[in-house]
């Protein structure tokens with residue numbers, strides 16, 4: 442049992458077996474998982490994880506929003522814990538790995554340390570955050586958001602599902618309201634392992650994504666107003682076709698992203714055409730704009746860029762173009778030390794790695810407000826997630842877990 | 442009563458007054474008319490027109506699809522009649538002039554000839570065609586279509602409205618099935634006066650549009666298939682964004698129209714984005730394409746053009762683009778003699794005139810299959826039609842009616 446910490450390896454088969462066992466709770470016919478937040482199935486999943494944690498000698502506490510903390514004491518148990526975790530709720534047509542991997546990878550780290558009788562200086566914790574997905578109750582990342590003070594416990598409690606059932610009702614019904622005040626729980630550092638949910642690692646043939654941070658997001662509604670008219674009797678020169686102007690602006694959303702590389706992203710996902718009739722020139726088109734970039738400054742630059750383009754287009758076409766910002770999420774750069782320790786661990790372990798940025802939201806975004814934070818991505822098949830066909834390779838999941846182990850040990854300190 | 446035919450003028454105030462009286466049947470609060478085909482109100486409108494015709498000494502016959510023919514005998518009553526007309530059914534939110542003007546202008550021609558005791562060599566007729574609008578029963582231009590053999594009487598009879606009531610049931614209920622077999626009715630020539638339903642005359646400040654024909658139409662459904670993916674985690678370079686490719690093709694629809702001047706028209710009126718979610722890159726976009734031009738050859742050239750553009754775009758983007766033709770209407774060039782006689786009448790009468798082309802469908806399209814045909818357009822306010830705010834100026838309506846009178850007299854011959 443005198444393995445040098447750098448030579449420790451987690452048990453990839455045990456990790457995989459736990460993932461499959463957890464995925465059986467709420468399993469769908471198509472190979473996915475439907476385990477919506479704060480349902481009976483979610484409780485079964487939580488209890489399954491909690492019982493594994495107890496078997497691994499961990500203590501379990503819960504806070505008032507139902508976030509669970511599975512703790513392995515450190516030699517100096519007064520130190521703030523080095524925390525990892527994610528979530529175990531899923532999308533309605535979710536997969537086996539999104540979130541679940543981050544929680545079970547943390548559990549596997551502890552099991553591995555137990556196997557080798559290794560004690561850490563600081564305590565280690567594995568957290569599962571309530572309702573990350575936001576499918577049943579909005580907002581997304583609810584548990585970690587309350588924990589980080591992004592919104593209040595009362596706001597989260599008041600959220601209702603489509604049946605009018607509230608978060609508070611379900612937490613009470615399931616017995617998931619713990620005594621801790623969310624946030625009154627020290628965090629020394631936070632690491633989260635997650636499938637990438639995008640195609641970059643697979644495209645590069647790389648195993649470990651060293652996540653530099655999470656993209657900032659700006660959401661807009663754009664309305665182009667022209668003049669509805671019959672397609673037949675109206676010559677081209679006399680048209681005020683809202684869709685043609687909208688189509689040009691839609692392409693500019695993508696061009697704007699390309700003007701702000703390497704992380705700029707621009708998406709038009711939603712379009713409403715009025716009156717939406719085959720032989721009527723559209724009088725009004727409403728569409729969404731989603732702009733993302735690695736820093737808030739770059740997000741603001743993209744904001745100014747698309748507004749300037751829209752203003753020129755409005756002037757040239759004579760049509761009215763309104764752009765209204767409807768939501769806004771700050772960019773979350775991760776901690777330089779956490780990033781470095783993840784990259785070094787991957788390097789030492791001989792896994793190919795590259796810096797990546799997360800385009801999607803994760804609980805780690807909120808943790809980054811509280812403590813040094815880093816994330817580890819592993820590839821998922823075809824970059825597909827939030828889908829029952831979501832898939833990941835056991836060796837990639839094991840590699841990510843090995844990196845997590847190394848990064849947590851470096852941060853927590855090993856008692857020699 | 443020895444007025445030279447060229448010096449005859451219709452009575453603009455009488456024409457206007459009849460238009461207003463007919464518009465009172467089914468009048469809407471917003472100043473429009475709702476008199477759907479084969480409703481009680483439509484019957485009231487028909488009966489109003491028929492009683493005016495009888496007062497003007499005309500005989501009335503009806504065919505089996507309910508088309509009405511109001512006849513003023515000629516000196517040689519065996520000659521095929523010179524026919525004018527249009528329809529008196531309206532859109533649900535229709536105006537006072539669309540169709541109604543063409544019927545009442547014909548009646549005013551007869552009243553004017555009566556006033557001056559002028560006999561024509563050939564008989565004159567004013568037709569009102571059943572269900573031109575197609576709002577309640579499809580297809581549009583039903584009565585004239587059956588008359589011209591574009592589809593059968595049985596097909597028209599079988600058409601049902603949204604309540605499941607058939608054309609045959611309503612024709613029977615209203616007593617509108619006449620003894621004539623549609624089409625077994627000679628037509629020497631056909632003229633139709635109509636508001637333009639477009640902005641060209643108003644834009645040019647011109648009173649009379651000498652209609653060269655009706656644009657051919659090609660309707661398509663276009664589907665662009667890419668790959669649905671999350672807007673956040675998917676970098677620009679790895680996207681297969683169906684909407685971006687669709688937006689480019691939508692602009693090409695307009696560019697295609699501009700490449701086929703002066704009458705080429707290209708419209709995208711209808712768009713469906715899948716999954717139509719703000720933060721999901723669209724995986725599939727379906728949209729309509731409406732291409733029009735003055736001849737079938739030009740329509741086919743536009744067809745080949747847009748298909749070639751789409752094929753290049755599919756190859757460049759790697760996305761699948763499917764274009765399916767869903768409907769097709771031939772271009773209807775009008776008769777050169779009819780066109781010339783309308784232009785000469787406008788010139789003689791001192792009205793500004795210009796050649797125009799009709800982008801919308803009219804009963805005259807079907808008549809052009811049977812006899813020499815021409816149409817006279819007058820301006821409508823802001824080019825707006827199929828709308829309760831549809832409006833036209835009395836002096837323009839009178840001018841169009843004067844042109845109609847002259848053109849009909851030239852064709853029918855005046856007994857001196």
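Protein chains in written order, with this note's numbering: chain A, 442 to 857; chain B, 442 to 857. All C-beta atoms, glycine included, are put in the ideal place defined by N, C-alpha and C. Small disclaimer: the values here were computed from a predicted structure and weren't measured.
Margin query: On the DSSP bridge list, what partners appear for residue 730 of chain B?
Written below: Per DSSP, B:661.
Checklist line | Beta-carbon contacts of residue 600 of chain A that lie in its chain and below 8 Å, excluding the five residues immediately before and after | finding: Around residue 600 of chain A, the same chain offers 578, 579, 580, 583, 607 and 608 as residues with beta carbons nearer than 8 Å, after the five sequence neighbours per side are excluded.
Next item on the list: Please name the residues in the region 638-659 of chain A whose beta-carbon is closer than 9 Å to at least one beta-carbon of chain C, in chain order.
Entry: Structure shown: chain C not included; protein chains present are A and B.
Item checked: Contacts of residue 679 of chain B in chain A (Cβ-Cβ under 9 Å) -> Contact annotation for residue 679 of chain B against chain A: 639, 640, 641, 644 and 824 [CB-CB distance below 9 Å, chain order].
Item checked: Residues that residue 633 of chain B bridges to, as DSSP identifies them -> Per the DSSP secondary-structure output, residue 633 of chain B pairs in a beta bridge with B:816.
Note to self: Tell me the rounded alpha-carbon separation between residue 403 of chain A and residue 666 of chain A.
What the structure shows: One cannot answer for residue 403 of chain A here, as it falls past the ends of chain A, which runs 442 to 857.
Check: Run through DSSP, which three-state label would residue 836 of chain A get?
Finding: Look at residue 836 of chain A here: in three-state DSSP terms it is helix.
Item checked: Under 8 Å by beta carbon: chain A residues contacting residue 455 of chain B -> Neighbours of residue 455 of chain B on chain A: none; closest Cβ ~28 Å, over 8 Å.
Notebook entry, point to check: So who's on the other strand from residue 510 of chain A, going by DSSP bridges?
Noted result: Answer is A:502 and A:568.
Item checked: Closer than 7 Å at the beta carbon, the chain A residues around residue 459 of chain B -> Contact of residue 459 of chain B with chain A by beta-carbon distance below 7 Å is absent, the smallest such distance being about 25 Å.
Item checked: Residues within the region 714-732 of chain A neighbouring chain B, beta-carbon criterion of under 7 Å -> Residues 714, 717, 718, 719, 720, 721, 722, 723, 729 and 731.
Notebook entry, point to check: Hey, is residue 774 of chain B's beta-carbon within less than 9 Å of any beta-carbon in chain A?
Noted result: Output row for residue 774 of chain B: interface = no.
Notebook entry, point to check: Taking the alpha-carbon positions, what's the residue 465 of chain B to residue 483 of chain B distance?
Noted result: Spanning the two alpha carbons is a distance of roughly 12 Å.
Notebook entry, point to check: Within the 9 Å Cβ cut-off, does residue 682 of chain B reach chain A?
Noted result: Yes, contact with chain A.
Checklist line | Status (buried if at least 16 other CB within 10 Å, exposed otherwise) for residue 454 of chain B | finding: It is exposed - the Cβ of residue 454 of chain B has fewer than 16 other Cβ atoms within 10 Å.
Check: What residue does the beta strand (DSSP E) around residue 783 of chain A start on, and which one ends it?
Finding: It is not in any beta strand (DSSP E) - residue 783 of chain A instead sits in the alpha helix (DSSP H) that spans 777-789.
Item checked: Beta carbon of residue 786 of chain A nearer than 9 Å to that of residue 839 of chain A -> One thing to note: residue 786 of chain A has its Cβ no nearer than 9 Å to the Cβ of residue 839 of chain A.
Margin query: Tell me the DSSP secondary structure of residue 644 of chain A in three-state form.
Written below: DSSP places residue 644 of chain A in helix when its eight states are reduced to three.
Note to self: Helix, strand or coil for residue 442 of chain B? Go by DSSP, reduced to three states.
What the structure shows: Here the model assigns residue 442 of chain B a pLDDT of 49, short of 50, so the residue's position is not dependable, and the following value carries that caveat. Coil, per DSSP.
Next item on the list: For the beta strand (DSSP E) containing residue 523 of chain A, list its first residue and its last residue.
Entry: Start and end: 523-527.
Note to self: Quick check: the Cα distance between residue 724 of chain B and residue 529 of chain B, rounded to an integer number of angstroms?
What the structure shows: A direct Cα-to-Cα measurement between residue 724 of chain B and residue 529 of chain B gives close to 46 Å.
Item checked: Within 9 Å, strictly: CB atoms of residue 561 of chain A and residue 612 of chain A -> No. Outside cutoff.
Note to self: Can you tell me where the alpha helix (DSSP H) holding residue 424 of chain B begins and where it ends?
What the structure shows: This structure gives no information on residue 424 of chain B, because the portion of chain B shown stretches from 442 to 857.
Checklist line | Terminal residues of the beta strand (DSSP E) in which residue 649 of chain A lies | finding: Per DSSP, the unbroken beta strand (DSSP E) holding residue 649 of chain A starts and ends at 649-655.
Next item on the list: Check whether the Cβ atoms of residue 737 of chain B and residue 696 of chain B sit closer than 9 Å, and answer yes or no.
Entry: Contact: no.
Checklist line | Alpha carbon of residue 565 of chain B to alpha carbon of residue 489 of chain B, nearest angstrom | finding: Looking at the two C-alpha atoms, the distance is approximately 20 Å.
Margin query: According to DSSP, is residue 603 of chain A part of a helix, a strand, or is it coil?
Written below: Residue 603 of chain A: coil per DSSP, three-state reduction.
Notebook entry, point to check: Alpha carbon to alpha carbon, what distance is there between residue 514 of chain A and residue 597 of chain A?
Noted result: Cα atoms of residue 597 of chain A and residue 514 of chain A: separation of roughly 30 Å, rounded to the nearest angstrom.
Notebook entry, point to check: Using a Cβ-Cβ cut-off of 7 Å (strictly less than) and excluding sequence neighbours within five positions of residue 801 of chain B, which residues of its own chain qualify?
Noted result: Taken in chain order, the residues that qualify are 638.
Margin query: Given this structure, state the Cα-to-Cα distance separating residue 527 of chain A from residue 519 of chain A, to the nearest angstrom.
Written below: Taking C-alpha positions only, residue 527 of chain A is separated from residue 519 of chain A by approximately 24 Å.
Notebook entry, point to check: Thinking C-alpha only, which one of B:539, B:533, B:557 and B:524 is nearest residue 547 of chain B?
Noted result: Checked all of B:539, B:533, B:557 and B:524; the closest Cα to residue 547 of chain B is B:524.
Next item on the list: Would you mind telling me which residues of chain B sit closer than 8 Å to residue 675 of chain A, beta carbon to beta carbon, in chain order?
Entry: Going along chain B in sequence order, the residues near residue 675 of chain A (Cβ under 8 Å) are 639, 640, 706, 800 and 824.
Next item on the list: Output, in chain order, the set of chain A residues within a Cβ distance shorter than 8 Å of residue 711 of chain B.
Entry: Taking a Cβ-Cβ threshold of 8 Å, the residues of chain A close to residue 711 of chain B are 714, 717, 718 and 719, in chain order.
Notebook entry, point to check: Beta carbon of residue 676 of chain A, beta carbon of residue 774 of chain B: below 9 Å?
Noted result: The beta carbons of residue 676 of chain A and residue 774 of chain B sit no closer together than 9 Å.
Item checked: Cut-off 6 Å between Cβ atoms - residues of its own chain near residue 707 of chain A, not counting five sequence neighbours on either side -> Correct list, in chain order: 694, 695, 697, 698 and 732.
Note to self: Between which residues of its own chain and residue 509 of chain A is the CB-CB distance below 6 Å, once the five residues before and five after are set aside?
What the structure shows: These residues qualify, in order along the chain: 503 and 569.
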